[in-house]
Amino acid sequence: MLSIVRPDVTYTEAAVGGAALAQGLAALPDETRALCDRSEAILFGSVGLPEYEGKPLSERPELALFLLRRDYELYANLRPVRVFAGLEEASSLRAELVRGLDLVVVRELTGGIYYGQPKEQRRVNGVDEAVDTMIYRAPEVERIARIAFELARTRRRHLTSVDKQNILETSRLWRRVVEGVGRDYPDVTLTHLLVDNAAMQLVRRPRDFDVIVTENMFGDILSDEAAILTGSIGTLPSASLGTQRRAGGRFGLYEPIGGTAPDIAGKNAANPTAAILSAAMLLRHSLGDAENAARVERAVDRTYADGLRTVELASGGAALSTDAFTEAVIARL
Ligand code: IPM
Ligand code: MG
10 MLSIVRPDVT YTEAAVGGAA LAQGLAALPD ETRALCDRSE AILFGSVGLP EYEGKPLSER
70 PELALFLLRR DYELYANLRP VRVFAGLEEA SSLRAELVRG LDLVVVRELT GGIYYGQPKE
130 QRRVNGVDEA VDTMIYRAPE VERIARIAFE LARTRRRHLT SVDKQNILET SRLWRRVVEG
190 VGRDYPDVTL THLLVDNAAM QLVRRPRDFD VIVTENMFGD ILSDEAAILT GSIGTLPSAS
250 LGTQRRAGGR FGLYEPIGGT APDIAGKNAA NPTAAILSAA MLLRHSLGDA ENAARVERAV
310 DRTYADGLRT VELASGGAAL STDAFTEAVI ARL
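Heads up, the sequence shown is in our numbering, so the first residue is 10 and it goes up one at a time.
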């Protein structure tokens with residue numbers, strides 16, 4: 010897809026995650042990392058395989074993502090959730106609740122409980138215990154809040170900040186910092202929700218949300234919940250943007266949010282929409298090419314509007330393979 014809209018760009022493939030481990034390499038091989046260092050953006054596949062379940066993170070394919078996010082400081086994870094016209098019936102909610110749904114989850118991606126130290130399993134006084142640490146520093150909250158406010162400004166100007174400030178100190182800091190940043194954005198309406206309530210409101214009145222900003226783990230959970238409102242997690246892209254700027258724009262990593270689908274691997278059945286829309290986000294944010302980004306997004310919209318479906322959305326009707334669906338999108342560019 011990318012090489013069709015931008016034949017002038019050089020694309021290089023490299024192994025990562027399970028594909029690298031299978032070759033006896035590390036989850037994030039040095040060669041792959043060196044290639045990322047030289048690139049303007051990373052278009053990422055998906056990591057995760059059942060055979061690694063239960064192993065420590067250091068031996069799992071997911072380690073690659075964890076390292077890329079950390080080492081390139083990809084702190085701003087944008088997860089847009091849209092319901093395509095014609096796909097309302099695929100949602101697990103009633104169609105009238107999701108028609109026209111268009112929200113973005115802005116997830117903080119390099120802090121909080123994913124990375125805080127100590128993070129370990131240990132034996133204390135003969136008892137096994139484990140600890141994860143949730144920690145935020147004000148500047149980390151401030152920079153993600155700014156990204157979210159800026160984004161809200163380009164949309165419906167409504168930002169919902171999600172925390173658990175009735176219990177967590179990190180959330181009290183979060184709320185205070187977000188409030189402070191909000192003073193610079195008087196044109197954006199800021200609302201706070203506790204995460205448990207947010208989880209409920211997302212399935213009750215999802216269309217009321219515009220931009221949601223939240224810390225790492227809450228964002229992980231809420232973005233999957235928001236995603237399935239669309240009927241298929243296979244349609245949702247994401248961007249993880251960092252602090253670095255390279256030639257065309259911000260350096261970033263772009264990936265489908267759904268992760269792997271080992272049950273259909275190799276069957277030419279996966280929905281390519283999330284990968285295609287991730288490429289569109291790459292064009293917009295890392296290559297500064299909003300025009301081609303919109304062109305790709307419109308082609309996807311038309312493909313759905315024309316009634317074309319991959320198997321998980323076909324509800325018994327005709328289903329296109331991954332390749333055929335991709336060709337259909339390309340034909341509509
Ligand atoms: C995601 C995934 C990852 C996460 C996993 C694969 C480590 O669930 O990107 O949402 O938890 O961040
Ligand atoms: Mg997740």
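Idealized CB from N, CA, C, for every residue including glycine. Remember, predicted model here, so these are calculated numbers, not experimental data.
DSSP, read as helix, strand or coil, puts Q210 in helix. Considering only I237, I339 and M226, the residue with the shortest C-alpha distance to I122 is M226. Unbroken alpha helix (DSSP H) runs of no fewer than 4 residues, entirely contained in the segment 161-219, are found at 178-191 and 204-213, following chain order.
For the segment 114-149, the full-length beta strand (DSSP E) segments reaching 3 residues or more read 125-133 and 136-142 along the chain. One thing to note: L177 has its Cβ no nearer than 8 Å to the Cβ of A207. Sixteen is the threshold: when 16 or more other Cβ atoms of the shown chains lie within 10 Å of the Cβ of P38, as they do, the residue is buried. Runs of the beta strand (DSSP E) lying entirely within the segment 246-310, each at least 3 residues long, are 248-255 and 258-263 in chain order. In the DSSP assignment, V92 falls outside any beta strand (DSSP E), carrying neither H nor E. In this structure, the beta-carbon distance from G268 to S55 falls below 8 Å. In this structure, the beta-carbon distance from G125 to I144 falls below 8 Å. Using a C-beta cut-off of 8 Å, the segment 185-196 makes no contact with the segment 235-246, since fewer than three inter-stretch Cβ pairs fall below that distance. Going by beta carbons, P271 and P59 fall inside the 8 Å limit.
Of the candidates R165, L118, L76 and V113, the residue whose Cα lies closest to the Cα of R88 is V113. Bounds of the alpha helix (DSSP H) holding L231 are N225 to I237. With contacts defined as CB atoms closer than 8 Å, V115 and A147 fail to qualify as a contacting pair. The continuous alpha helix (DSSP H) containing A337 extends over residues T331 to A340.
Of R103, R79 and A308, the smallest CA-CA separation from L262 is found for R79. Taken through DSSP and simplified to helix, strand or coil, A36 comes out as coil.
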